[in-house]
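Before any comments, here is the structure.
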Amino acid sequence: MKKRRHDHPHDAIHDDVSPSPVLLPRLGGVLLQVAGYSGCGLWMLLGLALAIGIYPAGRGDALVPLAFGVVLVASGLVAAWMHSSWMPSWHGWQPGKGSRPTREALIALATFLPMLAVAGLARGDNSFPVTRLAGATLALCSLVSLIMTAHGEASRHAPGLDGRLASQLPLSRVVSATYAGGLWLWLCMAGQQGGDAPAAGAMPWIIGLLLLALLRGLVDGMRWQALLSLSPGHRPVLELQPRRYVAAALTYAVPCLGLLLAGFDDSQQLLAALATLGCMLGMGLELTLYHGALAALPDSR
Numbered sequence: 020m021k022k023r024r025h026d027h028p029h030d031a032i033h034d035d036v037s038p039s040p041v042l043l044p045r046l047g048g049v050l051l052q053v054a055g056y057s058g059c060g061l062w063m064l065l066g067l068a069l070a071i072g073i074y075p076a077g078r079g080d081a082l083v084p085l086a087f088g089v090v091l092v093a094s095g096l097v098a099a100w101m102h103s104s105w106m107p108s109w110h111g112w113q114p115g116k117g118s119r120p121t122r123e124a125l126i127a128l129a130t131f132l133p134m135l136a137v138a139g140l141a142r143g144d145n146s147f148p149v150t151r152l153a154g155a156t157l158a159l160c161s162l163v164s165l166i167m168t169a170h171g172e173a174s175r176h177a178p179g180l181d182g183r184l185a186s187q188l189p190l191s192r193v194v195s196a197t198y199a200g201g202l203w204l205w206l207c208m209a210g211q212q213g214g215d216a217p218a219a220g221a222m223p224w225i226i227g228l229l230l231l232a233l234l235r236g237l238v239d240g241m242r243w244q245a246l247l248s249l250s251p252g253h254r255p256v257l258e259l260q261p262r263r264y265v266a267a268a269l270t271y272a273v274p275c276l277g278l279l280l281a282g283f284d285d286s287q288q289l290l291a292a293l294a295t296l297g298c299m300l301g302m303g304l305e306l307t308l309y310h311g312a313l314a315a316l317p318d319s320r
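Numbering (my numbering), first residue to last: 20 to 320.
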């Protein structure tokens with residue numbers, strides 16, 4: 020085949036250079052991000068249950084989910100403080116480098132205050148009015164933190180993002196955090212039951228989590244459709260990625276199967292652990308693909 024002659028020297032450069040591929044973020048860093056908002060979702064559900072007065076009695080029943088939430092939320096902060104390559108910043112803040120915390124980071128740090136109040140006020144029956152007020156404050160602060168950090172993340176990843184798509188990100192973040200946090204709360208409750216047969220009080224949580232999985236699937240589908248409508252050239256590639264099917268199976272199929280089996284099996288601990296860890300991995304993989312699709316938008320480059 021003859022090589023085409025270029026009438027201008029710059030034409031050869033444009034013909035030989037192809038568009039650089041979009042680099043996907045590292046899965047480890049995205050998993051830390053998923054863990055952070057899952058911990059907020061866990062605190063939000065626990066605070067709401069305490070405020071309404073439907074959470075099981077027992078000081079340990081409240082302290083264990085709070086401790087799990089601390090580990091999940093603080094994991095990204097610790098990684099950023101140690102200057103990990105997985106987590107170079109925490110909500111836009113690089114701790115330990117003399118930089119001031121961003122607004123999102125300050126709001127996320129402020130959520131620890133009502134968490135400590137709930138931990139100090141939790142008693143045997145958890146019906147003390149101040150405890151319920153602290154629980155309501157924890158739920159509200161967690162919700163505000165989820166919304167504000169979602170807005171901050173959207174502005175950092177895609178400053179010129181379409182308004183309709185940007186408005187869907189906080190809703191998707193709240194629903195995802197509630198779904199993942201609910202699975203973590205189910206894991207805590209199953210662990211405290213000591214592997215006994217499924218208790219009647221766990222059935223409403225299981226039904227609620229199944230409904231949350233359905234709601235999260237609907238919101239997630241709307242979010243992807245809005246993104247794909249902004250980049251029709253990438254639509255076939257993004258829709259047919261095998262990793263999207265793997266992420267969907269881990270996020271929905273594995274947890275829902277575990278939830279359905281939990282109503283008939285006495286090994287709730289194992290089922291809850293598999294459902295929770297599978298959901299975390301699936302949501303991390305899906306968010307990695309979504310960030311890559313955001314970076315592929317013309318206005319995001």
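We put the beta carbon where it would ideally sit given N, CA and C, even for glycine.
Where R262 is concerned, the enclosing alpha helix (DSSP H) starts and stops at P261 to A267.
DSSP lists W112 as the bridge partner or partners of W109.
At a Cβ-Cβ threshold of 7 angstroms, P120 and A99 do not count as neighbours. Scanning its chain for C-beta atoms nearer than 7 angstroms, with the 5 sequence neighbours on each side dropped, one finds around S146 the residues G72, in chain order.
Straight through space, the alpha carbons of A209 and Q288 are spaced by roughly 5 angstroms. Take P189, set aside five residues on each side of it, and the residues of its chain with a beta-carbon closer than 8 angstroms to its own are L165, I166, A169 and H170, in chain order. Taking all protein chains in view, the Cβ of G301 is crowded by 16 or more other Cβ atoms within 10 Å, so the residue is classified as buried. Nearest to T197 by alpha-carbon distance, out of S57, S94 and V53, is S57.
7 angstroms or more divides the Cβ of P84 from the Cβ of C160. Apart from sequence neighbours up to five positions away, the residues of its chain that approach E305 with a beta-carbon distance below 8 angstroms are D239, R263, A266, A267 and T270, ordered along the chain.
About 5 angstroms separates the beta carbons of L96 and W109, which is inside the 8 angstroms limit, making them a contact pair. For G77, the three-state secondary structure derived from DSSP is coil. Using a Cβ distance threshold of 7 angstroms, G201 and L64 count as a contacting pair.
Take the alpha-carbon of Q244 and the one of P223: they are about 32 angstroms apart. Shown here, P120 sits in coil according to DSSP, grouped into three states, outside any helix or strand. Annotated as distal: A127 and L91, with beta-carbon spacing of 7 angstroms or more.
S164 sits in a helix when the DSSP states are folded into three classes. With fewer than 16 other beta carbons inside 10 angstroms of its own, I226 counts as exposed. A312 is positioned such that its CB atom lies closer than 7 angstroms to that of L246. Put simply, the backbone Cα of Q211 is about 12 angstroms away from that of A291. Non-local C-beta neighbours of T295 in its own chain, meaning closer than 7 angstroms and more than five positions away in sequence, comprise L202, W203 and L206, ordered along the chain. With respect to M106, W62 sits apart: the two C-beta atoms are not nearer than 7 angstroms. The shortest C-alpha to C-alpha distance from E123 to any of K116, G60 and W112 is the one to W112.
Taking each of L67, R235 and V163 in turn and checking the Cα distance to C298, the smallest one comes out for R235.
CA-to-CA, the gap between S94 and A136 works out to about 21 angstroms.
For H310, the enclosing alpha helix (DSSP H) starts and ends at Q287 to A314. Per DSSP, the unbroken alpha helix (DSSP H) holding S57 starts and ends at L46 to I71. The beta carbon of L231 is closer than 8 angstroms to those of V194, T197, Y198 and G201 in its chain, skipping five residues each way along the sequence. Around the beta-carbon of Q187, 16 or more other beta-carbon atoms lie within 10 Å, marking it buried.
G66 is a Cβ neighbour of L157, given a cutoff of 7 angstroms. Where F131 is concerned, the enclosing alpha helix (DSSP H) starts and stops at F131 to L140.
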